[in-house]
Structure formats: structure tokens, C-alpha cells
Amino acid sequence: MAPRPARPGPMGTRSLTLTALCFAFSAALLVSAFGVQGGLRGQIERVTEETATDVFVVTRSPSAPTGYPGPSMFPLEVLETIRQLPEVADVAAQGHHHWFEYNVTAMPASQGSFVYQFNIRMAMAITPNYFAVRGVPLSEGRSFTSGEAATGAPVAVVGCDAFAVDGPSPEAGEWTPRAGTSSGSLPAVGDRFALFCQAGPSPEYVIVGVLPRTGIRGFDQGIFVPPGAEPFAELEPDLVTVIRPRTEPVVQSPSSMGFALWVQPQAGRLEEAMVRVAAALAEWNTAEASVRCDPYSTGQVVHQRTRETIGTAMYATAGLTLLISSFNAAVLLFVLAAKHVRQLGVKRSLGATRGEVFLEIIVKALALAFLPATIGSVAGLLAAPFLGRAVGQTLAPTVWTGLAAVGATTISASLAGLYPAAVTAAISPARAMRGQVPWTAAPVWRDPRVVLVSLAIAVGVTGVLCTLGIGRSVDAKVAAVLEQAGEDLLVVEAGSPFEVASTGERLSVDPRLASELLAIPGVTGTSYLRVIPVSAPARGDPPSRAGNWSLAAVEPDYFAAAGLGFAAGQQWTDDDGNEPVVVLGSTVAGTQEAARRLIGETVDVGGTAFRVIGVLEPRPRDVVDPVLNRNQTLFIPAGAWSLVEDTRYQVTRHVILVRAGDEAAAGSLLADIPEVLANAHPGLQLPLVRRPAGDLSRLRAIHSRLNPVFSLIAGLAFLLATVGLGNVAMLRAAERARSIGIRRALGATQAEIRRQLLVETMVLAMTGTGLGVGGALAVLGAIARTAAWPMLFLPSWIAAGSALGLASGILGGVVPATFVAAQPPGSLIRGRL
Amino acid sequence: MSVPADSLVVLESVTKVYHKGSQAITALRGVSLTVARGEGVAIMGPSGSGKTTLLNIVGGLESPSSGSCLVDGRDLGSLTDYQLSVFRNRFVGFVFQSYNLLPELPAWRNVALPLTYAGVPPRERRRRAMAALAEVGLAGRADHLPNELSGGEEQRVAIARALVIQPRLVLADEPTGNLDSTAQADVLTCFSRLNQTGATVVVVTHNPAVAEDMQRTVTLHDGQIAG
Numbered sequence: 044m045a046p047r048p049a050r051p052g053p054m055g056t057r058s059l060t061l062t063a064l065c066f067a068f069s070a071a072l073l074v075s076a077f078g079v080q081g082g083l084r085g086q087i088e089r090v091t092e093e094t095a096t097d098v099f100v101v102t103r104s105p106s107a108p109t110g111y112p113g114p115s116m117f118p119l120e121v122l123e124t125i126r127q128l129p130e131v132a133d134v135a136a137q138g139h140h141h142w143f144e145y146n147v148t149a150m151p152a153s154q155g156s157f158v159y160q161f162n163i164r165m166a167m168a169i170t171p172n173y174f175a176v177r178g179v180p181l182s183e184g185r186s187f188t189s190g191e192a193a194t195g196a197p198v199a200v201v202g203c204d205a206f207a208v209d210g211p212s213p214e215a216g217e218w219t220p221r222a223g224t225s226s227g228s229l230p231a232v233g234d235r236f237a238l239f240c241q242a243g244p245s246p247e248y249v250i251v252g253v254l255p256r257t258g259i260r261g262f263d264q265g266i267f268v269p270p271g272a273e274p275f276a277e278l279e280p281d282l283v284t285v286i287r288p289r290t291e292p293v294v295q296s297p298s299s300m301g302f303a304l305w306v307q308p309q310a311g312r313l314e315e316a317m318v319r320v321a322a323a324l325a326e327w328n329t330a331e332a333s334v335r336c337d338p339y340s341t342g343q344v345v346h347q348r349t350r351e352t353i354g355t356a357m358y359a360t361a362g363l364t365l366l367i368s369s370f371n372a373a374v375l376l377f378v379l380a381a382k383h384v385r386q387l388g389v390k391r392s393l394g395a396t397r398g399e400v401f402l403e404i405i406v407k408a409l410a411l412a413f414l415p416a417t418i419g420s421v422a423g424l425l426a427a428p429f430l431g432r433a434v435g436q437t438l439a440p441t442v443w444t445g446l447a448a449v450g451a452t453t454i455s456a457s458l459a460g461l462y463p464a465a466v467t468a469a470i471s472p473a474r475a476m477r478g479q480v481p482w483t484a485a486p487v488w489r490d491p492r493v494v495l496v497s498l499a500i501a502v503g504v505t506g507v508l509c510t511l512g513i514g515r516s517v518d519a520k521v522a523a524v525l526e527q528a529g530e531d532l533l534v535v536e537a538g539s540p541f542e543v544a545s546t547g548e549r550l551s552v553d554p555r556l557a558s559e560l561l562a563i564p565g566v567t568g569t570s571y572l573r574v575i576p577v578s579a580p581a582r583g584d585p586p587s588r589a590g591n592w593s594l595a596a597v598e599p600d601y602f603a604a605a606g607l608g609f610a611a612g613q614q615w616t617d618d619d620g621n622e623p624v625v626v627l628g629s630t631v632a633g634t635q636e637a638a639r640r641l642i643g644e645t646v647d648v649g650g651t652a653f654r655v656i657g658v659l660e661p662r663p664r665d666v667v668d669p670v671l672n673r674n675q676t677l678f679i680p681a682g683a684w685s686l687v688e689d690t691r692y693q694v695t696r697h698v699i700l701v702r703a704g705d706e707a708a709a710g711s712l713l714a715d716i717p718e719v720l721a722n723a724h725p726g727l728q729l730p731l732v733r734r735p736a737g738d739l740s741r742l743r744a745i746h747s748r749l750n751p752v753f754s755l756i757a758g759l760a761f762l763l764a765t766v767g768l769g770n771v772a773m774l775r776a777a778e779r780a781r782s783i784g785i786r787r788a789l790g791a792t793q794a795e796i797r798r799q800l801l802v803e804t805m806v807l808a809m810t811g812t813g814l815g816v817g818g819a820l821a822v823l824g825a826i827a828r829t830a831a832w833p834m835l836f837l838p839s840w841i842a843a844g845s846a847l848g849l850a851s852g853i854l855g856g857v858v859p860a861t862f863v864a865a866q867p868p869g870s871l872i873r874g875r876l
Numbered sequence: 020m021s022v023p024a025d026s027l028v029v030l031e032s033v034t035k036v037y038h039k040g041s042q043a044i045t046a047l048r049g050v051s052l053t054v055a056r057g058e059g060v061a062i063m064g065p066s067g068s069g070k071t072t073l074l075n076i077v078g079g080l081e082s083p084s085s086g087s088c089l090v091d092g093r094d095l096g097s098l099t100d101y102q103l104s105v106f107r108n109r110f111v112g113f114v115f116q117s118y119n120l121l122p123e124l125p126a127w128r129n130v131a132l133p134l135t136y137a138g139v140p141p142r143e144r145r146r147r148a149m150a151a152l153a154e155v156g157l158a159g160r161a162d163h164l165p166n167e168l169s170g171g172e173e174q175r176v177a178i179a180r181a182l183v184i185q186p187r188l189v190l191a192d193e194p195t196g197n198l199d200s201t202a203q204a205d206v207l208t209c210f211s212r213l214n215q216t217g218a219t220v221v222v223v224t225h226n227p228a229v230a231e232d233m234q235r236t237v238t239l240h241d242g243q244i245a246g
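The listed protein sequences derive, respectively, from chains Y and B. FYI, the numbering for the first sequence is 44 to 876, going by the working numbering. FYI, the numbering for the second sequence is 20 to 246, going by the working numbering.
Have a look at this one:
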């Protein structure tokens, strides 16, 4: 006699309820996540409206609508005129500088052509107070100094999306030209970039400040440079596809701004200020162009990163619950298929195709999600005000966001249905007619529901371990760097040479600059580093490998300040500080064995034989020097610099490490150093001053804000996965009630049945845990590579993951095992549970 | 209650009521029955008369709602679940109409299952299971899965599983219900042999031929002994 089909009974109901709850919860979370984004937009609009009269914009626009080629700009002198007016608090200037950026996309040969896409990109020349007047605080770094503004130094403040340009890479030679660094990553203070046009690249700019996300394209995608530093300004318009260079006449529509003055009036004196400014600039009214003063919605843009974090976390939470819901939905569809397998067989025997069976299950999946998603969306819409208060956000979900959540949830459910639909449709009609369901009789490791629930456990364990790992990595990084660098370390960095723009004089006296820094009150010590990128510095034997190495001239205390340890040999002393000796980075040296053999050997650097006296231990990039890969660097004494100077090598970076004695002094020196250097060298392109401990504290703050959110997500995923595990354990037990009953009839005790079922659940949980540990390793490794963090994964975490797996197995397995084992054997044999 | 010395099974006013929702279904109504040691008893009656319930109570798979069931002098109602498990394992051999073999295990492992719960070492389990299979003429099918066996062979494996522990009481629930006449004959031969070795056999059946092979026939009707 054929085995009876599975009887899901109450367990099927339980699974249905759980899945429905998960979908409803996911939809509610999606509504909230959409609501956060909507709220942010609303907030920006509201603040924009509220601050509409903060500033007004002064432009000079053509009087005639078309055909006017006249000038549109004011001389910068008018700034002073306006600033003197008693109704005016401050005034800033902004010159737009536009050019076209071409992307060329190869098309299929059949179409026989290429498609050219282009964007209008703009760099804006601004006065240093521009961001203060516009009410947009920088999220990182600073605006230009007056010295940089006066000399047109190649520095820039950029929007958060300034380089987020999609498209093929320039390295592949697929397009030209293209603007920006094309890295696609968030810009950071200290990064360098060049812009491109047909005539070639612009000079390299150093980012000194980054803007927060504002939702305003002009800010988010903007590149702001000092007047005089505009890219391609010196080139003829017909040579490059650059239009409207600041000095050229342009045709403007009344609403555009080729050049604008932003005026911040004294409080409550907007209209007076507009009248006075218009009068002061009356001489610029001509027959062709007139001065306009227009109130402008400044948009008091606030730092949105925290809000973005919350929005992202909510999306992540909704995604995670959708994933778990999908696992549960797939399990439930398997249950339903088992329950109705004879009907399926009848349908197949009457002519239903596999495709029709497949479609039927997909429709079931959609139906399964639609109602809970609708209920969840409505609940999310109703709960939004309360949730908003709880997270300190304004949530503004609309009916459309509710519909979007329902749509996303049902699509997710239909995707979840693909697997059970495919497996079920593959059952032969004969087997289906006999009530035979392949997965219910399959060994545990071949049951698709087991695979799904193991994956769910894996997701949970990965989440928990990643939370743990990220937290520990950040803490370890902060602790290690602080221990090596100290709270009082400052990093002063600049391109080479420190050039006085006004005279062209090159400050090739880095020791002198370091001495000047040493003279600043509060500075207790300095150490400097010159970096030279070289392609094959170490010819000869050993090492003979060519590569993209760097050559760095440093003072001896650099190694200690940067926390670099020696794998072999040692650093130079004051006695041999002028000698041709070299310390090799770990990659330059090769293996550890090779490193030991290299001590005492010589390498050729710029035609001079340098004796190897030390090899460094491997060391990833860190906040002390995030640019230089120390593993690929040859370090020579600063005193031996003269031996390689004026060779083919050209210095690209100067880094001076400054000791301030204590944390407080370091804080004040952060502002003092640029000021002192600016006073001592008017017109000097100012170096960037960073405090690693400060960078770390920001990192730590972000982490402490994110970690509870991630913990919540991980905990939620783990809990849902454990419930899912319990559900699958119960289903499997219900399907095997008869077999369990036989075992009981043959003498198995309750304890033996309990143990058998519990062990099975534990194996599932531990399998998921193994996958989860692997997943955590992969995720943490990826994060560590991206964030240049130390990859921390302690063996004890495997124990922690195993403990989680055990806990999950016990929590998910103990109830079904106890329940089933306690059933009367007679009922079990009859398949009743 | 006085129990005759040669009685193995003594049922005294056994009643069994099942509850399905708010509905109560009485399967047995005050059944009293005695089975002597070494006796072969056939229990007959129409469907729903309570035959299987009676067998389950005697085998310790279910407990009566009222009344008592003594097997080998032990009141099954007073035993703990653990003691009942040991009782089923060491004392009773079950044979079911639908064989109830575990589909994922080969024949010899199905036969060895009671020995596993009895704590018999693996090598000894295999030896005894093979011996039991040989006894029912299936030594050559030891490594076959149940779905690779015919109905008669499956039932003989089930009988081998029942006799592998050398039970003193064999309870069979319609053992020939799904078998053709040849297979029926094989199964009945097995039961006769078991009975001859001294085991008490209680068989629930609709088949008069099976009943004829037994020493006594008890007929149940509507939960009561009709004759």
C-alpha cells in the first residue's frame, strides 16, 4: 500500500500564519522605509520654504530674450561695495563654469553606430564664504582659505555625488573624455582628481571639503573651486567642448545664472537690502542687460547622513524580513503541494501541463503575500506617525508608498514560489496520483525545506557575527591606531612641491617647513615623509622584481609614529641617517625568508646602491596614511634624499607628522597650523591638516550609531529563522508521524524519539551555522577591504556562532520533539498528530 | 481480580472512548476477555467494531478509558510510558495490515529496529535480523528497500521484525488484508510456526480462513463481544 500523503494539518496553518505575519511585517517596514525617504524630501522642501527669505540672489540678465551676447558678470570688486551696505550681513560670489562630458557607448554592430551620451557638468568658482551664506555646512573638511581663493589654488570642495558617474571605465579605453575621477565612490578629504576634456586633463585638484547630501543637484554633483582655478578656462571654446568659461560672454535666460552674487541680509531687512543692492549696482544696468535681485529658497540643508543611515537600516530590515518571509513562503508552498499532491496528479492525468502546474503555484504565492502585504501596508501607514516619533524622524508615507510596498512584497513572494513551483511541477503524474511527494520521503539533507531553513539560519548567524565583527574591528582599529599614533598626532600633507603660486618659488626645503611647524606653540615634534611613485626602483638582485613601488624619504621616528614593525633588521640611527640605506616594505621584500636574506644586500635606487638594513612587517593602509601602501614602499633616510634628488624621480606627496604633546593641543593646532603657514607664506598652497584620532572618533561615532540598528536586524533575522526552523521541524515530524509511531510500537521510548528529532534539528541549525560563519567571514573580509579595517575574526566567534546554532537548534527543535514524542503511539501510527 | 495462572492477557470491563471535537465516539464498551498462554485467537467483526482498538490496548499502544488490561500479570494502566516502551520492545511483536515498514531502511534494518531499541550491539543485530529473515524465507532480499518488495514479502519482513525479539505475544492487525492467496498462505504458515514455538498470537481479521487457523475466534460487534 502506498504511503499516505503528508498531513500538514495544524502545522500547515501555523506556517501559513507565520508567513503571512512575516509578509505583513515586511510590507509595514517597507512603508516605513519609503516614508523615511518621503519624510526627508518633505523636510527639505519645508525647510526650503521656511528659509525662502534668508538670502537673495543678484544676477545680471539680458534685457532682450534672445540674441544678446553681452557680459553677464560683475567684477569681484562689487562684493566689497555690497558688503559695506548696513542692510547686508554677508555676500558671496558664484561663477558657473560648464562643460560637456561625453560618454560613448558601443552599440551592437547591427545598428552600425555609436550612441553618444553627454551630461552637462559644472565647476563653480566661489568665494570662500559661499557655503556659509548659502547655509550649507560641509560634512567634512573645510572651505577654501582666503589665500587659496586669492591665488586660484587647485583645491576643491565637492558634492557627495560629484564623481558618482555611471558608465564604462576610462581604463578600458571605451570612452573619452570624461569628467571626474570616475571612481564612483564617495569623495573624501585628501582625495585628488582631475577633469578631462578633448584637450586633455585639467591640473590635479585636492579635495579639501565635502558637502552633505542635500537633494539639490547643484550641490550634490557640484565641484567648487576658487576663482581662477576653473578647469579649462584658458582653452579656446572651439578647442574643447567647454562652454561658458567664466570670462566669455554667454547667452542667458532670465532664470539661469552665469555669475551670481548671493547676499545674506541683516535679519528682517530683506526688502531693504534688495533695494539698496539694486541701487548700488545701478551702473551695471545697460540697454542689453539689467541687474536682478530675487529672493531665493536657500534650503537650510542639514546634515542628512544620520537620516540616510536610518533609511538604509530600515530598507535593510525590510529586505531581511522579506528574505525570511520568502524562505517561509517557499516552505509553505512545499507543504501545500504535499497536501494537494493527489489533486495535482489528477489534474496532470486530465491534461494539465507542467507549465500550468508551475503557474498555479506562482499564483498561490502571489495570493499568499497579497492580503498580508495589504494589511501590513495599511498598518504601516497608520503606524508611521508613532514610528516617526520613536526614531526621531518625520515619516511621510503616502498611498503610493503603500502600493509600492504591496507590489514589492508580492513580487518577492512570487520569486519565492519559483523553487517549489519548479520542484512540484516536476513530479510525475503517476507518483502524484499515488500521493508520493519526493521531498517528504527524502533524507533530511535532500529536503528543499531544510535547505531553505538552513539558509535562513545562515543569514541570521551571518548578521549576528557581522555585527560582532564590525564592532570589534572598529574598536581594534581605533585602539591600535591610537596606541601607535596617539591622540596628539597630526598629519600635514600636501602635493609636491609646496609651491608659492604667486612667485613660482618651490619650497624644496621640507626640513625647513618641518622646523617652522616645530616652532608653533604646542608642537613637540615633527617627522616628514616624501613619497615618490616609481615603476622599477629596485633593479638588480635582490630584489629584482619590478612593480608599482613607492620611494619614501622619512625621518627615523616615522616608523614609530606610523606604528610600523620590523620583520627583519632595524631602522637607521642618527649615525647612518645620511647614508644610502633602505628599509623595504613587506611586498617589496617578498617572503619572510627572503626578507631575512636581504639584510645587508644592496638595491639600486636611482643609480645609487642602497644597503638593505630592515624589512617591515605587512601593514594595511590606515588612517595615519590612507594613501601610501607601505608594503610596496622603499623607505630611505631623509638625510639621504640628496642621493636620489634630481634623478628621474619626482616627489608627489609630502607628509609631515606633527606631535602636539596632548589631545587638547592637537585640537587647537588643527586650526593653528594652516593659519600660521598662511601668515608665514602668503600665497602658499596650504597643506591639508588631519588628526587621525579625530577621524577615528568620527568612525567610532558612526559605528556606535549603526551597531544597535544592525544588532536589531541580526537579532530579528535570527529569531525569524529559528521560528522557521521550528516550523520545518514540526512539519517533518508530522509527515513522519506514522514512522515515528512504528518506532514507538517497536519499543522506542519518548526520550529516544525526542533525541532523534532534536538531533535532526540541531544538524540543520549547525549546517546553517557553518554557512553563516562562512558568510560572515566573506562579508567581514569585504568590509575590511573596503574600509581598510583590520579583518578581525577570532576563533572564539566560531564558538559563539556554534553556540548560536545550538541555541537555535534547541529553541526550534525542543517544542516539536517534545510534542511529537509525547503523542500516543496508536495515534501516530494512524498518522494523526 | 483473580487471574488464572495460565492467562497471558486479561481484559476486564475495558471501555475506550475517543473524542473528536465535541463528539465522543465509543470504540469499546466494557469488553472482558482472557487469552491463555500459547493460545491463538482470531478477533473478527465488522469495520468500526473496535478490533484494532482492542489490539492497540493489549499491545500498550493505547490506554483504556476505563477498565483494566493485564498482560503477563502486569496492569498496563499502571505502567509509565518508559515501562510501556520496554514492554512493547521485549514482550510484544506487532504485525500491521499495511506492514508499516520504514521506507528509507532496507529489509534487514527494518527487522533489526526493535533490537536497536533493546540495545543489542550492531553486529549481533545484523546476525539476528538475517536469521529472522531466513526464517520467513527472505534471506535473499535483506538489502532491498520496502518499495522493491512485493506485498507478501513486505508482510513477511514485518513478521520477521515481530519475531526477531522472540516475543511472547504476537499481535497482528489484518495481516492478510492486502495479500493474494499465495502470500496469505505463507503468512499463515509463519503464524502457525510462531504459535507452535509457544508464542501467544492474537490476530484481527476479516478472513475466515485465518480464523480457522486459530484455536479460538472472538467476534466483536459495536464495541462489545458478541460471541
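Built from N, CA and C at the ideal position, the CB exists for glycine as well. As the structure is a computational prediction, the values presented were derived from the model and not from experiment.
Can you tell me which of Phe267(Y), Gly737(Y), Trp684(Y) puts its alpha carbon nearest to the alpha carbon of alanine 707(Y)? One-based indexing of the first sequence puts residue 707(Y) at position 664. When only C-alpha atoms are compared, the closest one is Gly737(Y).
So which residues on chain B does isoleucine 785(Y) lean against when the C-beta distance must stay under 7 Å? As a first step, residue 785(Y) is located in the first sequence; it is residue number 742 there, counting from the start. Here the neighbours are Asn119, Leu121.
CA-to-CA distance, asparagine 621(Y) to aspartate 281(Y), given in whole angstroms: On the first sequence, residue 281(Y) is found 238 positions in, with the first residue counted as 1. On the first sequence, residue 621(Y) is found 578 positions in, with the first residue counted as 1. For aspartate 281(Y), the predicted model reports a pLDDT of 38, less than 50, meaning its position is unreliable; a value from the coordinates is still stated below. The straight-line gap from Cα to Cα measures roughly 53 Å.
My assumption, with CB atoms under 8 Å, is that serine 851(Y) sits in contact with serine 368(Y). Please give the rounded CB distance. Within the first sequence, numbered from 1, the residue matching residue 851(Y) stands at position 808. Within the first sequence, numbered from 1, the residue matching residue 368(Y) stands at position 325. No, serine 851(Y) and serine 368(Y) are not in contact; Cβ-Cβ is about 18 Å, not under 8 Å.
Just the chain B side, please: which residues come within less than 7 Å of glutamate 795(Y) by C-beta, in chain order? To locate residue 795(Y), count along the first sequence from 1; it is residue 752. For glutamate 795(Y), the chain B residues whose Cβ falls inside 7 Å of its Cβ are Tyr136, in order along the chain.
For arginine 787(Y), which of Arg873(Y), Gly704(Y), Gly815(Y) has the nearest alpha-carbon? Within the first sequence, numbered from 1, the residue matching residue 787(Y) stands at position 744. Out of Arg873(Y), Gly704(Y), Gly815(Y), Arg873(Y) has the C-alpha closest to the C-alpha of arginine 787(Y).
Applying the criterion that 16 or more other CB atoms from any shown protein chain within 10 Å of the CB defines a buried residue, is glycine 92(B) buried or exposed? Numbered from its first residue, the second sequence carries residue 92(B) at position 73. By the neighbour-count rule (16 or more Cβ atoms within 10 Å), glycine 92(B) is not buried but exposed.
Quick check on tyrosine 118(B): does DSSP put it in helix, strand or coil? Within the second sequence, residue 118(B) is the residue found at index 99, counting from 1. Coil at tyrosine 118(B), not helix or strand.
In whole angstroms, give me the CA-to-CA distance for arginine 797(Y) and proline 133(B). Taking the first residue of the first sequence as 1, we reach residue 797(Y) at position 754. Taking the first residue of the second sequence as 1, we reach residue 133(B) at position 114. Between the alpha carbons of arginine 797(Y) and proline 133(B) lies a gap of roughly 17 Å.
Would you tell me roughly how many angstroms separate the C-alpha atoms of methionine 149(B) and tryptophan 127(B), rounded to the nearest one? Residue mapping note: residue 149(B) aligns to position 130 of the second sequence, counting from 1. Residue mapping note: residue 127(B) aligns to position 108 of the second sequence, counting from 1. Methionine 149(B) and tryptophan 127(B): Cα-Cα distance of roughly 6 Å.
Beta bridge counterpart(s) of tyrosine 173(Y) as assigned by DSSP: Within the first sequence, residue 173(Y) is the residue found at index 130, counting from 1. Per the DSSP secondary-structure output, tyrosine 173(Y) pairs with nothing in a beta bridge.
Could you tell me if isoleucine 44(B) is buried or exposed, where buried requires 16 or more neighbouring beta carbons within 10 angstroms of its beta carbon? The count along the second sequence starts at 1 and reaches residue 44(B) at position 25. Around the beta carbon of isoleucine 44(B), fewer than 16 other beta carbons lie within 10 angstroms, which makes this residue exposed.
Looking at alanine 55(B) and methionine 233(B), is the spacing between their C-beta atoms short of 7 Å? For the purposes of this step, residue 233(B) is taken as residue 214 along the second sequence, with counting starting at 1. For the purposes of this step, residue 55(B) is taken as residue 36 along the second sequence, with counting starting at 1. Not a contact, by the Cβ cut-off of 7 Å.
Cutoff 8 Å; reference alanine 469(Y); Cβ partners in own chain excluding five residues on either side: Reading the first sequence from its first residue, position 426 is the one you call residue 469(Y). So the list reads Arg397, once near-sequence residues are dropped.
For a quick check, are the C-beta atoms of serine 104(B) and glycine 790(Y) less than 7 Å apart? The residue labelled residue 104(B) in the question sits at position 85 within the second sequence. The residue labelled residue 790(Y) in the question sits at position 747 within the first sequence. Contact: yes.
Determine the contact status of isoleucine 266(Y) and alanine 205(Y), defining contact as a CB-CB distance below 7 Å. Position 223 of the first sequence, counted from the first residue, corresponds to residue 266(Y). Position 162 of the first sequence, counted from the first residue, corresponds to residue 205(Y). Isoleucine 266(Y) is a Cβ neighbour of alanine 205(Y), given a cutoff of 7 Å.
For methionine 317(Y), three-class secondary structure by DSSP: Here the question's residue 317(Y) lines up with position 274 in the first sequence. If DSSP states are grouped into helix, strand and coil, methionine 317(Y) belongs with the helices.
Distance cutoff 7 Å, beta carbons only. Does aspartate 18(B) sit that close to anything in chain Y? Since the displayed chain B opens at 20 and closes at 246, residue 18(B) lies outside it and no answer follows.
Counting only C-beta atoms, is glycine 388(Y) closer than 7 Å to chain B at any point? Indexing the first sequence from 1 puts residue 388(Y) at position 345. Among the residues facing chain B, glycine 388(Y) is not included, as its CB has no counterpart in that chain under 7 Å away.
Taking DSSP as the reference, what is the three-state secondary structure of isoleucine 470(Y)? By one-based count along the first sequence, residue 470(Y) stands at place 427. When secondary structure is reduced to three states using DSSP, isoleucine 470(Y) falls in the coil class, being assigned neither helix nor strand.
Please report the residue range of the beta strand (DSSP E) in which leucine 181(Y) lies. For this step, residue 181(Y) is matched to residue 138 along the first sequence. It is not in any beta strand (DSSP E) - leucine 181(Y) carries neither H nor E in the DSSP assignment.
For a contact meaning CB atoms closer than 9 Å, what does isoleucine 470(Y) contact in chain B? Here residue 470(Y) refers to the residue found at position 427 of the first sequence. Listed along chain B is no residue with a C-beta nearer than 9 Å to that of isoleucine 470(Y); the closest approach is about 16 Å.
Inter-residue Cα distance where the pair is valine 221(B) and arginine 212(B): Taking the second sequence and counting its residues from 1, one reaches residue 221(B) at position 202. Taking the second sequence and counting its residues from 1, one reaches residue 212(B) at position 193. For valine 221(B) and arginine 212(B), the distance between alpha carbons rounds to 14 Å.
Using 7 Å as the limit for Cβ to Cβ distance, is threonine 483(Y) near chain B? Mapped onto the first sequence, residue 483(Y) falls at position 440. Chain B, which has no Cβ nearer than 7 Å to the Cβ of threonine 483(Y), makes this no.
N-terminal and C-terminal residue of the alpha helix (DSSP H) that aspartate 600(Y) is part of: Along the first sequence, read from residue 1 onward, the residue named residue 600(Y) stands at position 557. It spans 600-604 - the alpha helix (DSSP H) in which aspartate 600(Y) sits, taken as one unbroken run.
Alpha-carbon to alpha-carbon, arginine 175(B) and glutamine 203(B): Taking the second sequence and counting its residues from 1, one reaches residue 203(B) at position 184. Taking the second sequence and counting its residues from 1, one reaches residue 175(B) at position 156. Computed Cα separation, rounded: 10 Å.
Have a look at glycine 612(Y) and valine 816(Y) and give me their C-alpha separation to the nearest angstrom. As a position in the first sequence, residue 612(Y) is number 569, starting the count at 1. As a position in the first sequence, residue 816(Y) is number 773, starting the count at 1. The alpha-carbon atoms of glycine 612(Y) and valine 816(Y) are separated by roughly 39 Å.
Rounded to whole angstroms, what's the CA-CA distance from isoleucine 656(Y) to proline 838(Y)? Just pull it up for me. In the first sequence, counting from the first residue as 1, residue 656(Y) sits at position 613. In the first sequence, counting from the first residue as 1, residue 838(Y) sits at position 795. Spanning the alpha carbons of isoleucine 656(Y) and proline 838(Y) requires a straight line of approximately 36 Å.
Does the beta carbon of asparagine 75(B) come closer than 7 Å to any beta carbon on chain Y? Against the second sequence, residue 75(B) aligns to sequence position 56. Cβ-Cβ to chain Y under 7 Å: yes for asparagine 75(B).
Buried/exposed call for alanine 215(Y), threshold 16 Cβ in 10 Å: If you number the first sequence from 1, residue 215(Y) lands on position 172. For alanine 215(Y), the predicted model reports a pLDDT of 36, less than 50, meaning its position is unreliable and no value from the coordinates is stated.
Going by DSSP in three states, glycine 102(B) sits in which element: helix, strand or coil? Taking the first residue of the second sequence as position 1, residue 102(B) is located at position 83. The residue asked about is misnamed: residue 102(B) is glutamine in this sequence, not glycine. In the structure shown, glutamine 102(B) sits in a helix (DSSP, three-state: H, G or I).
Grouping DSSP H, G and I as helix and E and B as strand, with all else coil, what is glutamine 866(Y)? Here residue 866(Y) refers to the residue found at position 823 of the first sequence. If DSSP states are grouped into helix, strand and coil, glutamine 866(Y) belongs with coil.
Serine 593(Y), DSSP secondary structure in three states: The residue labelled residue 593(Y) in the question sits at position 550 within the first sequence. In this structure, DSSP gives serine 593(Y) an extended state, which the three-state scheme calls strand.
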